[in-house]
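*Asks:* Take this structure, written in structure tokens, and hold onto it; I'll ask about it next.
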Amino acid sequence: MSAIDTPEQESWFHRNQQRIAPWLFLAPGLLFFMVYVILPLFQSFNLSLYEWDGLGAAEYVGFRNYEDLYWEWVDRDAFYVSLKNNLIWLILYLAAIPAGLFIALFLNQTVWGIRLYKSLFFFPFVISQVVVGLVFTWFYDPTFGLLNEFLGFFGLGPLNVLGDERFVTYGIIFAGLWPQTAYCMILYLTGLNAVDPEQIEAGRLDGAKGGRMLWHIILPQLRPATFIAFVVTIIGALRSFDLISIMTQGGPFGSSRVLAYYMFEVALSEYGFRMGYGAAIAVVLFLIMLCFIAYFLWSMYREEKGH
Amino acid sequence: MHSIFKRTAAALVASVAIAVPASAELSGELRIFLDTSNPAPRATMEAMIERFQQQHPDLEIETTVIDREAYKTQIRNFLTADTPDVANWYAANRMKPYVEAGLFEDVSDLWAEPEIAENLASTKGAMTLDGKQWGVPYTYYQWGVYYRKDIFDELGLSEPTTWEEELANCQKIVDSGRTCYTIGTRNYWTAGGWFDYLNMRTNGFDFHNQLANGEVSWEDDRVKQTFANWKQLIDMGAFPDDHTARSWQESLPLMVRGDAAAILMGNFAVAPLREAGLTDDQLDFYQFVAINPDVELAEDAPTDTFHIPANASNKEAAREFLRFVVSADEQTEINNGSNLGQLPVNAQSSVDDDKFLQQGFEMLSSNSPGGVAQFWDRDAPAEMAKVSMEGFQEFMVKPDNADRILAKLERARGRIYDN
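Order-wise, the sequence lines are chains Z and D. Each residue of the first sequence is one higher than the one before, counting from 1352 in our numbering. Each residue of the second sequence is one higher than the one before, counting from 14 in our numbering.
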């Protein structure tokens, strides 16, 4: 570090430019990340230790909110139901990935009007979740819904999908899969554009066809697309809220709640005045997300290192 | 009727006499926030404010109408920051969080004025918390059974008054291939209305109030009796099967089509039923039957209210506006059939000629000796209301789970009321 050989005294900034520059470029992003993500995170955790109705004075209650959550878990109450539904969402929502891949493969051809077909398949992702929710609510309606008309055709039903606690979560997930599949499809379609034709050619020469071609040649090249599809689907499943809010409002008797909706209900809805309790649920939801975030970051890090 | 009109005229003179001296000096800005976002109530409110404006030309009135559902969450924000001078809300426990947080102005002084004290006495209880009044009512409406008279005639039924008659009627209706009562429990409160009536009729108004205030166990035998009565109806098929999938509006077509004979609902159900094509010959009203002959009849009559936020800036004008809203002639006007179509809160006002309003008024003023409740989700604390109404809905689907559901509500009671 000593500057014996340098006659001219360089400024500190000049000397450290290389090291400072990346931080300077990162600064705006870091600042916003701190203010809008990290800080609220701690605030949220702090709030979860209080009992507060959003209006009066907050009362410190330690971990009582978490204790209540634990008892709700033990009693198979709302929290248990929400957590269980979140798990069902996580697992079933992943069906959007293979479904999207399948449609993308199907649409990845050049025939007349393919652009129109592609847009039609992408359509559900463009329209608002509110509309999707409404359309499926009517579709499931026990008296005039298309589903029951259809079932009636075979002498089955009527099936009260959104009013029966056994089917309601699956009904909503199915509605959610419609736009989510479109999203995965578009990811795969762009991915398919980037598939190297020479590798396919080489595969053909070696006699690969159909499933083997897909599995060994195409899918490995679609890895980045699969990764992104996986990420957005997991996040979509965990923050599923709008469909539940529109289709059932968590009902019947709270059996279609997920954590995100339960949090809203407890803290911000018509009958909710428990900010601390809502914050405690948010913290639990965050911890679940953290597992996935950690996994994503780790696999991205590994990817980077591999190259 | 005659005497009411006479008294109205007298009150009109009196109110003008009082209003005139005050009106000269009102100036500045008056900001009013309303949740009356449906077209008809909205027009009513705007016309009423316009009349107030004419009395006070120097006042700059600014009215903001917010969507009814959104209002319920926004009120928490606008009472603390950027506060209006007048806001509407609901009576009883629903105003408690804001009263406790010191966000509503104490208007006991208004209630001390003879004009209000004498004419609004019947709703004073619903506006009182901690011995003080926190706002004024502007409208209320009765609850009860609205039924298809033509179906009753066809089956040779008459309006029941006892539980036995009720069950016998319902059995005949079920035998004719219909359901007795349509209901849409996707709005949890519809089940709350049923609970209100069954519990008030089984155990009386005072017990019902104690339960709402958390003073009685949910596993008390009296509560279980209420649910046992409810179960009788459920087991005989009185309610449609898929009520959980319907909102209250979506439950009305069953009655319009004649698949259901009646509905337990507030008077606001009349308008959509008429619009759907039912005539007044087909539609009629009766008071919910007595169950336990030892308890006095009590009714649900939810009251909608006006309040002055504590942070309001023009409280003088706001008070004058509140006096104006509850004045006898304004009450007659805004609650008449072409406006809100509900009941006026001022005893000097006249009730519209509409047959349902007349019957409701008659019932509430002469045949509700036990008392008048607001509604379950206004009388019980918000959190308890939420949990319990979910429980009621679950009970209507799985009546055999009553004990488990009541145990759950009892746990909730332990948590909710002790702080």
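Backbone N, C-alpha and C define an ideal beta-carbon position, used for all residues, glycine too.
Leaving aside the five residues before and after I1585 (chain Z) along the sequence, list all residues of the same chain whose C-beta is less than 6 Å from its C-beta, in chain order.
*Replies:* As a first step, residue 1585 (chain Z) must be located in the first sequence, where it is residue number 234. Only F1643 meet the Cβ criterion.
*Asks:* Assuming A104 (chain D) and Q387 (chain D) are in contact, meaning their beta carbons sit under 8 Å apart, how far apart are those beta carbons, in whole angstroms?
*Replies:* For the purposes of this step, residue 104 (chain D) is identified with residue 91 of the second sequence, where counting begins at 1. For the purposes of this step, residue 387 (chain D) is identified with residue 374 of the second sequence, where counting begins at 1. 6 Å between Cβ atoms; contact.
*Asks:* Of the residues D:W389, D:G384, D:V338 and D:R426, which one's Cα is nearest the Cα of G148 (chain D)?
*Replies:* Counting from one through the second sequence, the residue named residue 148 (chain D) turns up at place 135. Among D:W389, D:G384, D:V338 and D:R426, the Cα nearest to that of G148 (chain D) is on D:V338.
*Asks:* To which residues does DSSP link D317 (chain D) through a beta bridge?
*Replies:* In the second sequence, counting from the first residue as 1, residue 317 (chain D) sits at position 304. For D317 (chain D), which the question treats as bridged, DSSP gives the partners D:Y103 and D:T152.
*Asks:* Go ahead and label D48 (chain D) buried or exposed: buried means 16 or more other beta carbons lie within 10 angstroms of its beta carbon, across all protein chains shown.
*Replies:* On the second sequence, position 35 is the one that residue 48 (chain D) refers to. Buried is the call here.
*Asks:* Is A289 (chain D) helix, strand or coil when you go by DSSP?
*Replies:* Here residue 289 (chain D) refers to the residue found at position 276 of the second sequence. If DSSP states are grouped into helix, strand and coil, A289 (chain D) belongs with coil.
*Asks:* For a contact defined as C-beta to C-beta under 9 Å, what are the partners of A116 (chain D) on chain Z?
*Replies:* Locating residue 116 (chain D) in the second sequence gives position 103, counting from the first residue. The sequence given here has Leu at residue 116 (chain D), not Ala. What L116 (chain D) touches in chain Z: L1406.
*Asks:* Only counting runs of 4 or more residues, tell me where the alpha helix (DSSP H) segments fall wholly within the region 1538–1576 of chain Z, in order along the chain.
*Replies:* If we require 4 residues or more, the alpha helix (DSSP H) runs fully inside the region 1538–1576 of chain Z come out as 1548–1556 and 1561–1564.
*Asks:* Step through the CB atoms of chain D and report whether any lies within less than 8 Å of the CB of E1654 (chain Z).
*Replies:* The residue given as residue 1654 (chain Z) occupies position 303 in the first sequence. By this cut-off, E1654 (chain Z) is not an interface position.
*Asks:* Identify, in the order they occur along the chain, each residue of the same chain with its Cβ nearer than 6 Å to the Cβ of Y1539 (chain Z), setting aside the five sequence neighbours on each side.
*Replies:* Along the first sequence, read from residue 1 onward, the residue named residue 1539 (chain Z) stands at position 188. Result list for Y1539 (chain Z): G1451, L1452, A1455 and A1576, in chain order.
*Asks:* Could you check whether G41 (chain D) and F63 (chain D) sit closer than 8 Å to each other, using their CB atoms as the reference points?
*Replies:* One-based indexing of the second sequence puts residue 63 (chain D) at position 50. One-based indexing of the second sequence puts residue 41 (chain D) at position 28. For the sequence presented, residue 63 (chain D) should be read as Glu rather than Phe. Contact flag unset, no.
*Asks:* Name the chain Z residues whose beta carbon is nearer than 7 Å to that of K399 (chain D)?
*Replies:* The residue you call residue 399 (chain D) lines up with position 386 of the second sequence. Ordered by position in chain Z, the residues that pass the 7 Å Cβ test against K399 (chain D) are Y1622.
*Asks:* Excluding the five sequence neighbours on either side, which residues of its own chain have a C-beta within less than 6 Å of the C-beta of F298 (chain D), listed in chain order?
*Replies:* Translated into the one-based positions of the second sequence, residue 298 (chain D) becomes position 285. For F298 (chain D), where only same-chain residues beyond five positions count, the Cβ hits under 6 Å are G157, Y159, F369 and Q372.
*Asks:* Is it buried or exposed for F220 (chain D), if we count other Cβ within 10 angstroms and need 16 for buried?
*Replies:* Position 207 of the second sequence holds residue 220 (chain D). F220 (chain D) should be labelled buried.
*Asks:* Quick one: is T316 (chain D) near chain Z, going by C-beta distance under 8 Å?
*Replies:* Mapped onto the second sequence, residue 316 (chain D) falls at position 303. Not one chain Z Cβ lies under 8 Å of T316 (chain D).
*Asks:* DSSP three-state label for V302 (chain D), please.
*Replies:* Here residue 302 (chain D) is taken as the residue at index 289 of the second sequence, counted from 1. Residue state, collapsed to three classes: coil.
*Asks:* From this set, Z:Y1534, Z:L1513 and Z:G1508, which residue's C-alpha is nearest V1477 (chain Z)'s C-alpha?
*Replies:* Sequence index remark: in the first sequence, residue 1477 (chain Z) carries index 126 (1-based). That would be Z:Y1534, whose Cα lies nearest to the Cα of V1477 (chain Z).
*Asks:* With a cut-off of 8 Å, does the C-beta of P1493 (chain Z) fall near any C-beta of chain D?
*Replies:* In the first sequence, counting from the first residue as 1, residue 1493 (chain Z) sits at position 142. Closer than 8 Å to some Cβ of chain D, the Cβ of P1493 (chain Z) qualifies, so yes.
*Asks:* Helix, strand or coil for E407 (chain D) per DSSP?
*Replies:* Against the second sequence, residue 407 (chain D) aligns to sequence position 394. DSSP places E407 (chain D) in helix when its eight states are reduced to three.
*Asks:* Could you run through the region 1610–1636 of chain Z and flag, in chain order, every residue whose CB is less than 9 Å away from some CB of chain D?
*Replies:* Per Cβ criterion, the list reads E1616, V1617, L1619, S1620, E1621, Y1622, G1623, F1624 and R1625.
*Asks:* For a test of the three-state rule: what should DSSP assign to D294 (chain D), helix, strand or coil?
*Replies:* The residue you call residue 294 (chain D) lines up with position 281 of the second sequence. D294 (chain D) falls in the coil class under three-state DSSP.
*Asks:* Is R161 (chain D) a contact residue of the ligand MG, with contact defined as CB to any heavy atom under 7 Å?
*Replies:* The ligand MG is not part of the structure shown, which contains no ligands of any sort.
*Asks:* Let me see if you follow: with CB-CB separation under 8 Å, is T215 (chain D) close to chain Z or not?
*Replies:* Translated into positions along the second sequence, residue 215 (chain D) becomes position 202. Not one chain Z Cβ lies under 8 Å of T215 (chain D).
*Asks:* Given this structure, state the Cα-to-Cα distance separating F1430 (chain Z) from V1635 (chain Z), to the nearest angstrom.
*Replies:* Translated into the one-based positions of the first sequence, residue 1430 (chain Z) becomes position 79. Translated into the one-based positions of the first sequence, residue 1635 (chain Z) becomes position 284. Spanning the two alpha carbons is a distance of roughly 10 Å.
*Asks:* I need the straight-line Cα distance from E312 (chain D) to L211 (chain D), nearest angstrom please.
*Replies:* The residue labelled residue 312 (chain D) in the question sits at position 299 within the second sequence. The residue labelled residue 211 (chain D) in the question sits at position 198 within the second sequence. Between E312 (chain D) and L211 (chain D), the C-alpha separation is close to 11 Å.
*Asks:* Would you say G1506 (chain Z) lies against chain D (beta-carbon separation less than 8 Å)?
*Replies:* Residue numbering aside, residue 1506 (chain Z) sits at position 155 when the first sequence is read from its first letter. Taking Cβ atoms only, chain D never reaches closer than 8 Å to G1506 (chain Z), which makes this a no.
*Asks:* Out of curiosity, what's the CA-to-CA distance linking A1559 (chain Z) and I1568 (chain Z)?
*Replies:* As a position in the first sequence, residue 1559 (chain Z) is number 208, starting the count at 1. As a position in the first sequence, residue 1568 (chain Z) is number 217, starting the count at 1. Each residue's Cα considered, the two are about 9 Å apart.
*Asks:* Entirely within the region 1385–1443 of chain Z and at least 4 residues each: give me those alpha helix (DSSP H) ranges in chain order.
*Replies:* As far as the region 1385–1443 of chain Z is concerned, its whole alpha helix (DSSP H) runs of at least 4 residues are 1390–1398 and 1415–1425.
*Asks:* Report, in whole angstroms, the separation of the C-beta atoms of E343 (chain D) and N352 (chain D), which I expect to be a contact under 8 Å.
*Replies:* Taking the second sequence and counting its residues from 1, the one referred to as residue 343 (chain D) is at position 330. Taking the second sequence and counting its residues from 1, the one referred to as residue 352 (chain D) is at position 339. The pair is not a contact, with the Cβ atoms about 11 Å apart (cut-off 8 Å).
*Asks:* Quick one, are the C-beta atoms of T316 (chain D) and A125 (chain D) less than 8 Å apart?
*Replies:* What you label residue 316 (chain D) is simply residue 303 of the second sequence in a count that begins at 1. What you label residue 125 (chain D) is simply residue 112 of the second sequence in a count that begins at 1. Contact: no.
*Asks:* Which value, in whole angstroms, describes the spacing of the CA atoms of R428 (chain D) and L291 (chain D)?
*Replies:* Residue mapping note: residue 428 (chain D) aligns to position 415 of the second sequence, counting from 1. Residue mapping note: residue 291 (chain D) aligns to position 278 of the second sequence, counting from 1. Their backbone Cα atoms lie some 46 Å apart in a straight line.
*Asks:* Do you know offhand how far V33 (chain D)'s Cα is from H69 (chain D)'s?
*Replies:* Mapped onto the second sequence, residue 33 (chain D) falls at position 20. Mapped onto the second sequence, residue 69 (chain D) falls at position 56. Interpretation of V33 (chain D) is limited by its pLDDT of 45, a score under 50 that renders its predicted location unreliable; the figure taken from the coordinates is listed afterwards. If you take the alpha carbons of V33 (chain D) and H69 (chain D), they lie about 10 Å apart.
*Asks:* List, in order along the chain, the chain Z residues whose C-beta lies closer than 8 Å to that of T86 (chain D)?
*Replies:* Position 73 of the second sequence, counting from 1, holds the residue named residue 86 (chain D). Per Cβ cutoff of 8 Å: L1619, S1620 and E1621.
*Asks:* Evaluate I418 (chain D) with the Cβ neighbour count: other Cβ atoms within 10 Å of its Cβ, from every protein chain shown; 16 or more gives buried, anything less gives exposed.
*Replies:* As a position in the second sequence, residue 418 (chain D) is number 405, starting the count at 1. By the neighbour-count rule (16 or more Cβ atoms within 10 Å), I418 (chain D) is buried.
*Asks:* What separation, rounded to the nearest whole angstrom, lies between the Cα atoms of G271 (chain D) and L1392 (chain Z)?
*Replies:* Taking the first residue of the second sequence as position 1, residue 271 (chain D) is located at position 258. Taking the first residue of the first sequence as position 1, residue 1392 (chain Z) is located at position 41. Their backbone Cα atoms lie some 55 Å apart in a straight line.
*Asks:* Would you kindly check if the distance between the Cβ of L1406 (chain Z) and the Cβ of A114 (chain D) is under 8 Å?
*Replies:* Against the second sequence, residue 114 (chain D) aligns to sequence position 101. Against the first sequence, residue 1406 (chain Z) aligns to sequence position 55. Yes, the Cβ-Cβ distance between A114 (chain D) and L1406 (chain Z) is below 8 Å.
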